[in-house]
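Below: one structure, written as structure tokens.
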Amino acid sequence: MASIKKLNTRKFKITVSKGYRPDGRKISRAKTITVPQTVGGRGISQYVAHEAEEFEKLVKSGYCEDGEMSFQEYAVRWLERQTKYAPITLGFYRRSLEAVYPMIGSIKLNRLRPIALENLLVELRKRTYHGKPIQEATVQKYLTVVSAVLSDAKRNEIIEKNPARMIDLPDTARRAQMIPTDAEAHRFLDVLANEEDPYKTFYALAIYSGCRRGELCALKWDDLIMNGDECILTVNRSRSSVPGRGVVEGTTKNGQARTIYISEEMTTILRSYCYYKIYEAQENGFEMSDYVFTNERGELMHPDTFSRHLRRLYDENGFPREFHLHTLRHYFVSTMLHNGVDKQTVAELAGHGDTGFLERTYCHPQLQLKREAAERYTQTMFDFSDRDSASA
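Below, the structure written as structure tokens:
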């Protein structure tokens, strides 16, 4: 219940308590009001009571957020409002914020300055991972999450500027994606021909569709529409292993569904796999699962199972140690770009929100095209020179 303190004849301070902060301190919101002169003396108490009731409703409903709120308190509420992201993405945001709370969590939003965030980065750069200093790119990922929270506060007109956007950051080393050559991709498909299901179908679909591991693990038969030699795949959920929560099913990474056209070759593999799962269920006396990738008992498989199995497959067949499950997705994206598919279409097929990530990450295809252009130009020059010499 709101408490009311009379400051003078027409000025009152209203205070409402709402729970406790993570450090145990009580959360309070205060508001000072001045009763208009148009309100008569007898109506002052009724006016103040009404204002107190309305203010308490605002506070209790969670909409009374202001610049006096600490960064940690606002960030916790911000996380609760995020519904479009996959559980693994939210888990990353939560862990990142928990790492910065000890340094900036208690600072009020309207008192958070760039220098405080610069000091935060200094402390984060002192961290190590497996005995080695963490990369600058990793340090800046923490700041990116902090900036997302502050941008939300700015959007809600709680702060005027986002201090995280005012920091001059050093350049980070761009880590080139390890992308298989066409020869390596074809050899990998040959290796898959000798693998047993569901692994064979899982990895083949990964390289043919570019789907993420969690998206394939959450795939259901209803998501596949087979029509003759063609198949349309709808991706609208993901199953991922979230630290502290186990395997969680939620939305895709960007919270959006997408459709992918599956080629005739992959459709044949999927249809064969479907018949196999029907036979398996009938032979062993259990009902066939709604999910596509299950074990011999019709049970869902842990996402890490596919990663570990593929690691052994790579090692046994002499593929580079840098290859992993996501490498198959890299090959799908880079091959699309290399063969002239426009970036917007590739971004939609891969489930990226825009083309920016493609431009920052998949530089190999563009460099290859530039190399080919230079070779064509050089060849043209040589041909011209040869013709000129012959005419002389």
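What the sequence shown shows, in our numbering, is residues 12 to 403, in sequence order. Note that beta-carbon positions come from the ideal geometry of N, C-alpha and C, so glycine has one too.
Query	Result
Proline 181, buried or exposed, once every other Cβ within 10 Å from all chains shown has been counted against 16	exposed
Cα-Cα separation, phenylalanine 23 to glutamate 79	20 angstroms
Alpha carbon of leucine 235 to alpha carbon of lysine 143, nearest angstrom	45 angstroms
Extent of the continuous alpha helix (DSSP H) run through glycine 102	98-115
Integer-rounded CB distance, given that phenylalanine 82 should sit under 8 angstroms from glycine 116	6 angstroms
Reference histidine 320; option with closest CA among Cys222, Tyr210, His337 and Met299	Tyr210
Selection from Arg224, Leu123, Phe199 and Leu154 that minimises the alpha carbon distance to proline 331	Phe199
Integer Cβ distance of serine 249 from alanine 229, believed to fall under 8 angstroms	5 angstroms
Exposure label - histidine 141; buried when at least 16 CB within 10 Å	exposed
Span of the alpha helix (DSSP H) around isoleucine 218	210-220
Backbone secondary structure at threonine 338 - three-state DSSP	helix
Reference arginine 322; option with closest CA among Leu336, His313 and Gly309	Leu336
Stretch pair the stretch 339-355 + the stretch 273-293: three plus CB contacts closer than 8 angstroms	no
N-terminal and C-terminal residue of the beta strand (DSSP E) that methionine 237 is part of	235-238
The stretch 164-178 / the stretch 255-275 touching (three or more Cβ pairs under 8 angstroms)	no
Sequence-distant residues of the same chain with beta carbon closer than 6 angstroms to histidine 363, five excluded per side	none
Whole-angstrom C-beta distance between phenylalanine 304 and leucine 227, which should lie under 8 angstroms	6 angstroms
Rounded straight-line distance, which links the Cα of glutamate 307 to that of phenylalanine 297	10 angstroms
Proximity winner among Ala268, Asp353 and Lys264, relative to glycine 102 (alpha-carbon distances)	Lys264
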